[in-house]
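**Student:** Here's a structure for you.
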Amino acid sequence: MTRDIRIEQAGLHYETAVFGGDASGLAAAERGLDGVEADLTLARGRVLHARFLADRVEDPRELELFERAAARYRELGDARGEGEALFWTGTFHQVVRGDAAAALPALERALALATRTGDLLTASYALRHLGIAAHIAGDLPTARERLEESTRLRWELGFLPGVAANLVGLAHLAAQQDRREDAAALLAEATELAGTAEAHGVLNQITEARKELALP
115 MTRDIRIEQA GLHYETAVFG GDASGLAAAE RGLDGVEADL TLARGRVLHA
165 RFLADRVEDP RELELFERAA ARYRELGDAR GEGEALFWTG TFHQVVRGDA
215 AAALPALERA LALATRTGDL LTASYALRHL GIAAHIAGDL PTARERLEES
265 TRLRWELGFL PGVAANLVGL AHLAAQQDRR EDAAALLAEA TELAGTAEAH
315 GVLNQITEAR KELALP
(Lines of atoms letter the chains of each structure in order from A and count residues from 1; the text may use other names and numbers.)
(Lines give C-alpha, C1' and ligand atoms only; values in the text may rest on other atoms or scores of the structure.)
Protein backbone atom coordinates (compact mmCIF):
# COMPACT_ATOMS: atom_id res chain seq x y z
CA MET A 1 0.00 0.00 0.00
CA THR A 2 1.20 3.53 -0.76
CA ARG A 3 1.19 6.29 1.82
CA ASP A 4 -1.30 9.13 1.62
CA ILE A 5 -0.04 11.83 -0.75
CA ARG A 6 -0.50 14.41 2.01
CA ILE A 7 2.01 12.54 4.18
CA GLU A 8 4.43 12.37 1.26
CA GLN A 9 4.04 16.11 0.70
CA ALA A 10 4.62 16.83 4.38
CA GLY A 11 7.89 14.93 4.12
CA LEU A 12 8.92 17.01 1.12
CA HIS A 13 8.06 20.24 2.96
CA TYR A 14 10.13 19.03 5.91
CA GLU A 15 13.15 18.39 3.70
CA THR A 16 12.75 21.73 1.96
CA ALA A 17 12.65 23.50 5.33
CA VAL A 18 15.49 21.59 7.00
CA PHE A 19 17.86 21.17 4.08
CA GLY A 20 16.75 23.91 1.72
CA GLY A 21 16.21 26.62 4.27
CA ASP A 22 12.69 27.37 3.03
CA ALA A 23 10.03 26.93 5.72
CA SER A 24 7.23 28.50 3.69
CA GLY A 25 5.59 25.13 3.02
CA LEU A 26 5.26 24.00 6.63
CA ALA A 27 1.81 25.55 7.09
CA ALA A 28 0.56 23.61 4.07
CA ALA A 29 2.17 20.46 5.51
CA GLU A 30 0.36 20.93 8.80
CA ARG A 31 -2.95 21.54 7.06
CA GLY A 32 -2.52 18.40 4.97
CA LEU A 33 -1.72 16.34 8.06
CA ASP A 34 -4.77 17.78 9.84
CA GLY A 35 -6.81 16.42 6.93
CA VAL A 36 -5.15 13.01 7.29
CA GLU A 37 -5.93 13.08 11.01
CA ALA A 38 -9.59 13.89 10.33
CA ASP A 39 -9.87 11.07 7.78
CA LEU A 40 -8.21 8.58 10.12
CA THR A 41 -10.38 9.62 13.06
CA LEU A 42 -13.55 9.16 10.99
CA ALA A 43 -12.36 5.78 9.71
CA ARG A 44 -11.66 4.56 13.25
CA GLY A 45 -15.14 5.61 14.32
CA ARG A 46 -16.70 3.69 11.43
CA VAL A 47 -14.78 0.55 12.40
CA LEU A 48 -16.11 0.85 15.95
CA HIS A 49 -19.64 1.28 14.56
CA ALA A 50 -19.27 -1.90 12.52
CA ARG A 51 -18.15 -3.69 15.71
CA PHE A 52 -21.27 -2.40 17.46
CA LEU A 53 -23.48 -3.77 14.68
CA ALA A 54 -21.75 -7.14 15.05
CA ASP A 55 -21.88 -7.52 18.84
CA ARG A 56 -24.29 -4.76 20.01
CA VAL A 57 -21.87 -3.51 22.68
CA GLU A 58 -21.40 0.25 22.79
CA ASP A 59 -17.87 1.62 22.72
CA PRO A 60 -17.86 5.19 24.11
CA ARG A 61 -14.91 6.06 21.87
CA GLU A 62 -17.17 5.88 18.79
CA LEU A 63 -19.03 9.12 19.47
CA GLU A 64 -15.84 10.86 20.55
CA LEU A 65 -14.15 9.94 17.26
CA PHE A 66 -17.03 11.14 15.10
CA GLU A 67 -17.34 14.43 16.98
CA ARG A 68 -13.58 15.01 16.82
CA ALA A 69 -13.56 14.33 13.08
CA ALA A 70 -16.46 16.74 12.51
CA ALA A 71 -14.70 19.45 14.51
CA ARG A 72 -11.43 18.96 12.62
CA TYR A 73 -13.14 19.09 9.22
CA ARG A 74 -14.96 22.23 10.31
CA GLU A 75 -11.67 23.87 11.31
CA LEU A 76 -10.26 22.98 7.89
CA GLY A 77 -13.27 24.40 6.08
CA ASP A 78 -13.97 20.95 4.61
CA ALA A 79 -17.78 20.99 4.42
CA ARG A 80 -17.93 17.65 2.63
CA GLY A 81 -15.91 15.92 5.33
CA GLU A 82 -17.87 17.65 8.06
CA GLY A 83 -21.13 16.47 6.53
CA GLU A 84 -19.93 12.86 6.47
CA ALA A 85 -18.72 13.03 10.08
CA LEU A 86 -22.00 14.61 11.19
CA PHE A 87 -23.90 11.81 9.47
CA TRP A 88 -22.02 9.25 11.54
CA THR A 89 -22.54 11.30 14.68
CA GLY A 90 -26.28 11.25 14.04
CA THR A 91 -26.19 7.56 13.23
CA PHE A 92 -24.47 6.85 16.54
CA HIS A 93 -27.23 8.63 18.44
CA GLN A 94 -29.96 6.94 16.38
CA VAL A 95 -28.63 3.39 16.11
CA VAL A 96 -26.47 2.95 19.19
CA ARG A 97 -28.30 5.13 21.70
CA GLY A 98 -31.82 5.16 20.21
CA ASP A 99 -31.90 8.92 20.82
CA ALA A 100 -33.86 10.59 18.01
CA ALA A 101 -33.70 14.03 19.62
CA ALA A 102 -29.90 13.99 19.45
CA ALA A 103 -29.75 12.26 16.07
CA LEU A 104 -32.04 14.44 13.97
CA PRO A 105 -30.12 17.75 14.06
CA ALA A 106 -26.89 16.00 13.07
CA LEU A 107 -28.57 14.04 10.28
CA GLU A 108 -30.35 17.11 8.90
CA ARG A 109 -27.14 19.16 8.94
CA ALA A 110 -25.30 16.26 7.30
CA LEU A 111 -27.88 16.19 4.51
CA ALA A 112 -27.60 19.95 3.98
CA LEU A 113 -23.79 19.83 3.75
CA ALA A 114 -23.77 16.72 1.55
CA THR A 115 -26.28 18.30 -0.82
CA ARG A 116 -24.31 21.55 -0.97
CA THR A 117 -21.01 19.78 -1.71
CA GLY A 118 -22.39 17.20 -4.14
CA ASP A 119 -21.66 14.23 -1.87
CA LEU A 120 -24.42 11.99 -3.15
CA LEU A 121 -23.40 8.95 -1.11
CA THR A 122 -23.54 10.75 2.23
CA ALA A 123 -26.80 12.41 1.14
CA SER A 124 -28.25 8.97 0.40
CA TYR A 125 -27.24 7.73 3.85
CA ALA A 126 -28.62 10.80 5.60
CA LEU A 127 -31.92 10.50 3.72
CA ARG A 128 -32.12 6.81 4.61
CA HIS A 129 -31.65 7.48 8.31
CA LEU A 130 -34.02 10.45 8.28
CA GLY A 131 -36.53 8.11 6.65
CA ILE A 132 -35.97 5.59 9.42
CA ALA A 133 -36.54 8.34 11.98
CA ALA A 134 -39.80 9.33 10.29
CA HIS A 135 -40.86 5.67 10.18
CA ILE A 136 -40.22 5.26 13.91
CA ALA A 137 -42.16 8.46 14.58
CA GLY A 138 -45.12 7.06 12.60
CA ASP A 139 -44.86 9.53 9.71
CA LEU A 140 -45.05 6.93 6.94
CA PRO A 141 -45.48 9.33 3.97
CA THR A 142 -42.31 11.24 4.91
CA ALA A 143 -40.46 8.00 5.59
CA ARG A 144 -41.39 6.70 2.14
CA GLU A 145 -40.43 9.98 0.43
CA ARG A 146 -36.99 10.06 2.03
CA LEU A 147 -36.26 6.39 1.43
CA GLU A 148 -37.30 6.70 -2.20
CA GLU A 149 -35.04 9.74 -2.68
CA SER A 150 -32.18 7.88 -1.02
CA THR A 151 -32.81 4.94 -3.34
CA ARG A 152 -32.81 7.20 -6.40
CA LEU A 153 -29.38 8.56 -5.42
CA ARG A 154 -28.04 5.07 -4.82
CA TRP A 155 -29.22 3.91 -8.24
CA GLU A 156 -27.46 6.93 -9.71
CA LEU A 157 -24.26 5.92 -7.91
CA GLY A 158 -24.57 2.24 -8.82
CA PHE A 159 -24.58 1.38 -5.10
CA LEU A 160 -26.54 -1.86 -5.41
CA PRO A 161 -26.18 -3.16 -1.83
CA GLY A 162 -27.49 0.20 -0.61
CA VAL A 163 -30.41 0.08 -3.03
CA ALA A 164 -31.30 -3.41 -1.83
CA ALA A 165 -31.16 -2.34 1.82
CA ASN A 166 -33.47 0.59 1.09
CA LEU A 167 -35.93 -1.66 -0.72
CA VAL A 168 -36.24 -3.74 2.46
CA GLY A 169 -37.22 -0.60 4.35
CA LEU A 170 -39.68 0.38 1.64
CA ALA A 171 -41.20 -3.10 1.81
CA HIS A 172 -41.85 -2.66 5.53
CA LEU A 173 -43.52 0.68 4.81
CA ALA A 174 -45.62 -0.82 2.01
CA ALA A 175 -46.83 -3.60 4.30
CA GLN A 176 -47.80 -1.08 6.98
CA GLN A 177 -49.74 0.87 4.37
CA ASP A 178 -51.59 -2.33 3.30
CA ARG A 179 -49.72 -2.47 -0.02
CA ARG A 180 -48.72 -6.09 0.37
CA GLU A 181 -48.25 -6.77 -3.33
CA ASP A 182 -45.86 -3.83 -3.50
CA ALA A 183 -44.04 -5.14 -0.43
CA ALA A 184 -43.59 -8.57 -2.03
CA ALA A 185 -42.33 -7.02 -5.27
CA LEU A 186 -39.87 -4.81 -3.39
CA LEU A 187 -38.46 -7.79 -1.52
CA ALA A 188 -38.14 -9.76 -4.74
CA GLU A 189 -36.21 -6.90 -6.34
CA ALA A 190 -34.07 -6.53 -3.23
CA THR A 191 -33.24 -10.24 -3.32
CA GLU A 192 -32.10 -10.03 -6.93
CA LEU A 193 -29.94 -6.97 -6.31
CA ALA A 194 -28.42 -8.27 -3.08
CA GLY A 195 -27.62 -11.57 -4.75
CA THR A 196 -25.93 -9.82 -7.65
CA ALA A 197 -23.88 -7.70 -5.24
CA GLU A 198 -23.15 -10.66 -2.93
CA ALA A 199 -24.54 -8.55 -0.09
CA HIS A 200 -25.14 -11.41 2.33
CA GLY A 201 -26.00 -9.12 5.22
CA VAL A 202 -28.83 -7.60 3.19
CA LEU A 203 -30.00 -11.06 2.14
CA ASN A 204 -30.32 -11.90 5.84
CA GLN A 205 -32.41 -8.74 6.32
CA ILE A 206 -34.67 -9.82 3.45
CA THR A 207 -35.17 -13.26 5.00
CA GLU A 208 -36.12 -11.66 8.33
CA ALA A 209 -38.46 -9.20 6.59
CA ARG A 210 -40.28 -12.02 4.80
CA LYS A 211 -40.81 -13.82 8.12
CA GLU A 212 -41.92 -10.69 9.93
CA LEU A 213 -44.29 -9.61 7.16
CA ALA A 214 -45.48 -13.13 6.36
CA LEU A 215 -44.59 -12.72 2.68
CA PRO A 216 -43.35 -15.42 0.30
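Using this note's numbering, you'd call the opening residue of the sequence shown number 115 and step up by one each time. We put the beta carbon where it would ideally sit given N, CA and C, even for glycine. None of the values given here were measured: they were computed from a predicted structure.
Report the CB separation of V280 from R223 in whole angstroms; it is logged as a contact under 8 Å.
**Tutor:** Mapped onto the sequence shown, residue 280 falls at position 166. Mapped onto the sequence shown, residue 223 falls at position 109. A small correction: the amino acid at residue 280 is Asn; Val does not occupy that position in the sequence shown. Not confirmed; about 22 Å, so no contact.
**Student:** Quick check on the burial criterion: 16 or more other C-beta atoms within 10 angstroms. Buried or exposed for G197?
**Tutor:** The residue given as residue 197 occupies position 83 in the sequence shown. Answer is buried; the Cβ neighbour count reaches 16.
**Student:** So, using beta-carbon positions, are L221 and L244 closer together than 7 Å?
**Tutor:** One-based indexing of the sequence shown puts residue 221 at position 107. One-based indexing of the sequence shown puts residue 244 at position 130. Between L221 and L244, the C-beta spacing is below 7 Å.
**Student:** F273: buried (16+ other C-beta within 10 angstroms of its C-beta) or exposed?
**Tutor:** Locating residue 273 in the sequence shown gives position 159, where the first residue counts as 1. Classification of F273: buried, given that the 10 Å Cβ count is 16 or more.
**Student:** The alpha helix (DSSP H) that contains F273, what's its start and end?
**Tutor:** Position 159 of the sequence shown, counting from 1, holds the residue named residue 273. F273 -> no alpha helix (DSSP H), and no H or E assigned at all.
**Student:** Where in the segment 168 to 210 do unbroken runs of the alpha helix (DSSP H), each at least 4 residues long, occur, reported from the N-terminal end onward?
**Tutor:** 175 to 190, 193 to 205
**Student:** In angstroms with no decimal places, state the Cα-to-Cα distance between D213 and H207.
**Tutor:** On the sequence shown, residue 213 is found 99 positions in, with the first residue counted as 1. On the sequence shown, residue 207 is found 93 positions in, with the first residue counted as 1. Approximately 5 Å between the Cα atoms of the pair.
**Student:** Taking contact to mean at least 3 C-beta pairs separated by less than 8 Å, is the segment 183 to 192 in contact with the segment 164 to 174?
**Tutor:** no
**Student:** With H, G and I counted as helix, E and B as strand and the rest as coil, what does DSSP make of D296?
**Tutor:** Numbered from its first residue, the sequence shown carries residue 296 at position 182. Looking at D296 - three-state DSSP - the assignment turns out to be helix.
**Student:** Assign E312 to one of three DSSP states: helix, strand, or coil.
**Tutor:** As a first step, residue 312 must be located in the sequence shown, where it is residue number 198. Correct three-state label for E312: coil.
**Student:** Among residues of its own chain, excluding the 5 on either side of H249, which ones have a beta-carbon nearer than 7 Å to its beta-carbon?
**Tutor:** The residue given as residue 249 occupies position 135 in the sequence shown. Taken in chain order, the residues that qualify are A257, L287.
**Student:** I need the straight-line Cα distance from A183 to G134, nearest angstrom please.
**Tutor:** Walking along the sequence shown from the start, residue 183 turns up at place 69. Walking along the sequence shown from the start, residue 134 turns up at place 20. Between A183 and G134, the C-alpha separation is close to 34 Å.
**Student:** In angstroms with no decimal places, state the Cα-to-Cα distance between A302 and H127.
**Tutor:** The residue you call residue 302 lines up with position 188 of the sequence shown. The residue you call residue 127 lines up with position 13 of the sequence shown. For A302 and H127, the distance between alpha carbons rounds to 56 Å.
**Student:** Over the uninterrupted alpha helix (DSSP H) stretch that includes R223, give me the two end residues.
**Tutor:** Residue mapping note: residue 223 aligns to position 109 of the sequence shown, counting from 1. Here the alpha helix (DSSP H) through R223 covers 214 to 231.
**Student:** Alpha carbon to alpha carbon, how far is Q123 from A131? Give it in angstroms, no decimals.
**Tutor:** Indexing the sequence shown from 1 puts residue 131 at position 17. Indexing the sequence shown from 1 puts residue 123 at position 9. Taking the straight line from one Cα to the other gives about 12 Å.
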